[in-house]
Amino acid sequence: NVPGNIAQLREFVVEKGQPMWRFYILFVLGFMSGLAAGEGSRFMNANNAKSIISGVRMLLHVLDDTPNAIYWGYLSDRARHLKLPRQTADDLVLVRLACLARAQDEQSYSALRTAWNSLHASEKDCLRDHFLADGIHSMAFLLEFLPDCVGNSKANARISLSLMFSVLADLLHQLRMATCTLPELSQPKIMRVDLS
17 NVPGNIAQLR
27 EFVVEKGQPM
37 WRFYILFVLG
47 FMSGLAAGEG
57 SRFMNANNAK
67 SIISGVRMLL
77 HVLDDTPNAI
87 YWGYLSDRAR
97 HLKLPRQTAD
107 DLVLVRLACL
117 ARAQDEQSYS
127 ALRTAWNSLH
137 ASEKDCLRDH
147 FLADGIHSMA
157 FLLEFLPDCV
167 GNSKANARIS
177 LSLMFSVLAD
187 LLHQLRMATC
197 TLPELSQPKI
207 MRVDLS
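Residues in the sequence shown are numbered consecutively from 17, following the working numbering.
Pasting the structure below:
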């Protein structure tokens, strides 16, 4: 997701009202907690619960803070929880990647950092532009199922995180080129891309 999605959420809350918003939050919490069909939850463990609670706390300010402040505030909180640096643009990109990779510890983050450091400067530029785009002022691609792609690349000995990031940079470059040559693609500020 991107800050533009929080702007869309704000419009929803303004249109539907706070009671519907509170119901939605309750529904999402219930859904995330019951992913194992009544036998506990495959997702809602102690570590993930901290992330969800942090996200909900940030989203409670949907009407009184900017989408960018909410979004980057959440990522800053995740970085603090994971003890990750968050001062530079590259740090913020790596925090986003840590969230996508569902990194929970220093070893997982270290693998992301190593993969990032192995990329060419042009690949880093492309990924940096993508992961810092807000979907409000700058076009953002919402890459559905990207966490699965990252997870599968980590689990496959022949496909590394570095190669996956290189392929992702190439895909993003091609998408940017397409939006430049086809004006009808540049209209929405958030474009969904299904990676399944």
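The beta-carbon is built from N, C-alpha and C at its ideal position, and this holds for glycine as well.
For the putative contact between Ala105 and Arg144, defined by C-beta atoms under 8 Å, what is the C-beta separation to the nearest angstrom?
As a first step, residue 105 is located in the sequence shown; it is residue number 89 there, counting from the start. As a first step, residue 144 is located in the sequence shown; it is residue number 128 there, counting from the start. The distance from the Cβ of Ala105 to that of Arg144 is about 6 Å, consistent with a contact at the 8 Å cut-off.
Between Leu191 and Asn21, what straight-line distance do the alpha-carbon atoms span, to the nearest angstrom?
Indexing the sequence shown from 1 puts residue 191 at position 175. Indexing the sequence shown from 1 puts residue 21 at position 5. So the two alpha carbons sit approximately 20 Å from each other.
Determine the direct distance from the alpha carbon of Gly89 to that of Met74, and round the result to whole angstroms.
Counting from 1 along the sequence shown, the entry for residue 74 is found at position 58. Counting from 1 along the sequence shown, the entry for residue 89 is found at position 73. Taking the straight line joining both Cα atoms gives about 7 Å.
Tell me which residues share the same chain as Leu91 and place their Cβ nearer than 8 Å to its Cβ, disregarding the 5 neighbours each side in the sequence.
The residue you call residue 91 lines up with position 75 of the sequence shown. Cβ within range, chain order: Arg102, Leu108, Val111, Arg112, Cys115.
Just to confirm the assignment: which complete alpha helix (DSSP H) runs, minimum length 4, are found wholly within the segment 118-185?
122-133, 137-148, 162-171
Give me whichever residues DSSP pairs with Arg73 in a beta bridge.
Within the sequence shown, the letter at position 57 stands for residue 73. Paired residues: none, contrary to the question.
Taking 7 Å as the limit between beta carbons, can you name the residues of its chain near Ile152, skipping five residues before and five after?
Counting from 1 along the sequence shown, the entry for residue 152 is found at position 136. Same-chain partners within the cutoff: Pro19, Gly20, Ala23, Pro83, Lys205.
Can you check which of these residues, Leu187, Met48, Leu25, His136, is closest to Met60 by C-alpha distance?
Stepping through the sequence shown from its first residue, residue 60 is reached at position 44. With distances taken between Cα atoms, Met60 lies closest to Met48.
What are the boundary residues of the alpha helix (DSSP H) that includes Arg94?
Here residue 94 is taken as the residue at index 78 of the sequence shown, counted from 1. The continuous alpha helix (DSSP H) containing Arg94 extends over residues 83-98.
From Ser178 to Phe43, what distance separates their C-alpha atoms?
Here residue 178 refers to the residue found at position 162 when the sequence shown is read from its first residue. Here residue 43 refers to the residue found at position 27 when the sequence shown is read from its first residue. In a straight line, the C-alpha of Ser178 is about 37 Å away from that of Phe43.
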